[in-house]
Structures are given as structure tokens and as C-alpha cells.
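Numbering (this note's numbering), first residue to last: 49 to 466.
This report concerns only the one structure given below.
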């Protein structure tokens, strides 16, 4: 860690990195369908929902980082310490299901991107994604900084791709600015509310809370109150800046869809492949559809790396069981590949699109089982000492947790009923 005379930027560089790994989960392929649907159907109106969802995420990731830095235990380990073994095992099973669902979204997203870029049939694309086991193993042997650097590069690629998409789509900048302000129609229009809940449900990823509480500990932290305060401060800045990048990507997907499809007879676009086909003829920009597919592939691959890390953290934290990275990765990937391969062979594009949405519903179900323990632990004076959540933070955290849980239950009910 930098010495006492270090500048702000020197200190920030020392802590920078974990936030990027966390931010990847907020721009994975599972978010694309809801953002595309929101922009195509309702224009810029739901931009405010994307913004609010990311603000919620910033608070929860701050709490996750604080838990790891103060207690030296990640969220999975804290659950194992606090709850009885049957409860801890149940939480572990739920989290593994969520990680498999997230991996499913990454498999499908990468397969669709390979299909769009190279014409590779979906079943072959799904099978091809199993090879990333070798990539993850190689990178983990190279060290944590290498993974952080690769993910940073992929995020930069996604950022540049969507910067191009926004400029090519020529959005209504005034309408875009208005969309950032919450509007009453979001709540009063049932169709809009449903898509809004979908955006929220797809934004906050449960495995990110486990991941962040662990990876902040790879930095050297002085075991003093001042040292921990500094670590919390810079870890929060790191994750907040990274989540602003994730907000830009999600907002850019929605803005591109709004500018390209809304009011132009393509309001029913909610499928990634359909959006790709329409981008070039609608925008008149030959590279638009190719850039879109490149961003999708980068999104799937970067999410794969962080999903693997989260899986190892969760298994070791809940069960105190350490598997070889390639074994752990292979198990998780096979759980995701088998259903994706079956659906791709039997139902093609339409089936994989529906499976992508289903994966987000599964993630929504598990979210409360990560958020509630996190808020409980960071509000516990015995665990956190002087770093316990202040009353206003506790109130805000429970309000956010309650709202996320309520809206996700509503989304699940609507999805099942629909």
C-alpha cells in the first residue's frame, strides 16, 4: 500500500480493480433483453429505472466491500459462521443455482454473438463456450492482476462499442435527458411497470455481493481503524466508478433501442438476434450490427471470468471446500451448457431467447437470500464494531432490500402467470 505521503490517485490506483470485476455482472447478456425491450417499447422513459437500479447496486456493493474489509470474511464465510449448517447449506444451494443461471445467460449470449459474427450454428456456439474453461485456468495461473486487466480491457471494448452505437443512432438528446427523471407512467402503466421490474431484477446480481466481499481482501489493508476506513473509502470509490460504466452500457443499450426502433414500427423488438438484424437497415450504419455483436461477445466472456471467481468463493466460503479451478469451472459450465444445448437444438433462436429471460427470473429469486444477510451483518454491532451501519444507512439499506425483494417477487409472479 502507498505510504502516508501518497497522493489521492496513488492510493486509488492501489485499490482500483475489484470494482471492475463486480461491474461486469451488471452488463452481462442477461441485462440486454430487458434494456432492448424497454427502449424499443417505451423510448427513453425507462432510463430513470436503469439509473435507480444502479444506485441501489452501488449501495449494496458498498456494504459488501465494507463487510469483507472490516471482518476479513466474505459474505459466504459470514453466513457459515452465523447460521446453522442446514441453513448455510440451503443458502449455498440457492447461490449455486443462481451462479448456474448466470452462467446460462453467458453461454447463450456468447453463442448468439458467435452466430451473429461468424454464422456459427447456435448448438455449435453453445458447445464452443466450454473451451473457456481452459482460458480461465490459464489466467488464474497468471495471477489476479492479469484477470483484472483482461476484464478492464473487455469493459473498455464494450464501452467503445456502445459509444459508437449511440452516436450512430442519433438519439433525441432532450428526450434522453428527460428519461433520466423518474416519471409517473412507470408505475401507472402496467406494461411499463413490468419491463421496469425486469430491468431492476436483471441489474442487481446476487453472486456479485459474495464476489465483492471477497476480492476486496486481496489488497493489503492495515489492520487499524484508520487503515480500514481508508480501504472502505477507496473500495467504495472503485466500485461506484465501475458501476457508472455499467450504467452507461445498460443505458446505451436502451438508448440505441429507443432511437433505432421506438416510433419506427419496431416496438416489439426484445430479442437480441432481431435487434442485430434490424440495426444496420434502420440506422443506415454498416458497422452498427457488427459492433453490437462484438460488444455482446465481450460481455459474455468477461462475465464468464467473474462468474468462475464467484463460484469458487461461494463453494469455499459456505462449505470450506476447495476444488481445483478447472474442476469447479467445468462443473458450473456443464450445468449451464446442457440445458442451453438441448434448447438450441430443439427450439433454435426463439428458445434460447426465452431461456435467457428464464435465467434472469432464477437470479431474481435468489437475490433476497444474499441481500438480507448482507444488510443484517453490516448492521450488527458485534460483527462490525465502529463500522456498523449508521441508522440512516440501515434504514436506506432495508428500504432498498425490501423494494428489490417485493419487485422481484412481483416479477416472478407475473412471469409464471404469463
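The beta carbon of each residue, even a glycine, is placed where N, CA and C say it ideally should be.
Keep in mind the model is a prediction, meaning the values are calculated, not measured.
Using a Cβ-Cβ cutoff of less than 8 Å, which residues in the same chain neighbour residue i once the five nearest sequence positions on both sides are dropped?
i           : result
residue 342 : 161, 165, 205, 209
residue 265 : 116, 117, 120, 122
residue 417 : 139, 142, 143, 254
residue 445 : 107, 108, 111, 423, 426, 427, 437
residue 338 : 165
residue 231 : 93, 96
residue 458 : 245
residue 211 : 300
Rounded to the nearest angstrom, what separates residue i and residue j at their Cα positions?
i           : j           : result
residue 86  : residue 299 : 10 Å
residue 202 : residue 175 : 22 Å
residue 356 : residue 306 : 34 Å
residue 105 : residue 412 : 14 Å
residue 304 : residue 367 : 44 Å
residue 229 : residue 369 : 47 Å
residue 274 : residue 280 : 10 Å
residue 350 : residue 61  : 21 Å
residue 432 : residue 389 : 45 Å
residue 138 : residue 167 : 42 Å
residue 145 : residue 55  : 43 Å
residue 268 : residue 277 : 13 Å
residue 234 : residue 443 : 24 Å
residue 65  : residue 263 : 9 Å
residue 362 : residue 403 : 24 Å
residue 89  : residue 316 : 7 Å
residue 242 : residue 270 : 46 Å
residue 193 : residue 151 : 23 Å
residue 91  : residue 220 : 10 Å
residue 58  : residue 218 : 39 Å
residue 440 : residue 447 : 10 Å
residue 128 : residue 136 : 5 Å
residue 313 : residue 285 : 42 Å
residue 238 : residue 434 : 44 Å
residue 372 : residue 131 : 27 Å
residue 311 : residue 323 : 15 Å
residue 198 : residue 461 : 39 Å
residue 387 : residue 79  : 20 Å
residue 394 : residue 207 : 34 Å
residue 382 : residue 240 : 36 Å
residue 236 : residue 272 : 50 Å
Counting only the same chain and skipping the five closest in sequence on each side, list residues whose C-beta sits under 6 Å from that of residue i.
i           : result
residue 392 : 170, 171, 174, 400
residue 470 : Since the first residue shown for the chain is 49 and the last is 466, residue 470 is missing from the structure and cannot be characterised.
residue 149 : 407, 410, 411
residue 29  : Here the chain comprises residues numbered 49 to 466, so residue 29 is not present and cannot be evaluated.
residue 475 : This structure leaves residue 475 out entirely; the chain is present only between 49 and 466.
residue 163 : 170, 173
Can you confirm whether residue i, when its beta carbon is compared against all beta carbons of chain C, has any partner nearer than 8 Å?
i           : result
residue 212 : In the structure shown, chain C does not exist; there is a single protein chain.
Give me the Cβ distance between residue i and residue j, rounded to the nearest whole Å; I'm assuming they're in contact under 8 Å.
i           : j           : result
residue 74  : residue 282 : Residue 74 to residue 282, Cβ: 20 Å. No contact.
residue 320 : residue 81  : 7 Å
residue 155 : residue 385 : 6 Å
residue 72  : residue 354 : 5 Å
residue 178 : residue 158 : Going by Cβ atoms, the distance from residue 178 to residue 158 rounds to 11 Å, so no, they are not a contact pair.
residue 77  : residue 348 : 5 Å
Report all residues from its chain with a CB closer than 7 Å to the CB of residue i; omit the five preceding and five following residues, and keep chain order.
i           : result
residue 70  : 109, 256, 259, 260, 287, 290
residue 112 : 123, 257, 260, 261, 422
residue 200 : 68
residue 302 : 83, 86, 87, 94, 95, 98
residue 295 : 98, 99, 102
residue 196 : 65, 68, 69
residue 415 : 252, 254, 452, 456
Task: Touch test, the stretch 284-302 against the stretch 451-460, Cβ-Cβ under 8 Å, three pairs minimum - done: no
Task: Inter-stretch contact (C-beta, 8 Å, three-pair minimum) for the stretch 235-248 and the stretch 337-352 - done: no
TODO: Take every Cβ of the stretch 111-126, pair it with every Cβ of the stretch 206-225, and state whether three or more of those distances are shorter than 8 Å.
DONE: no
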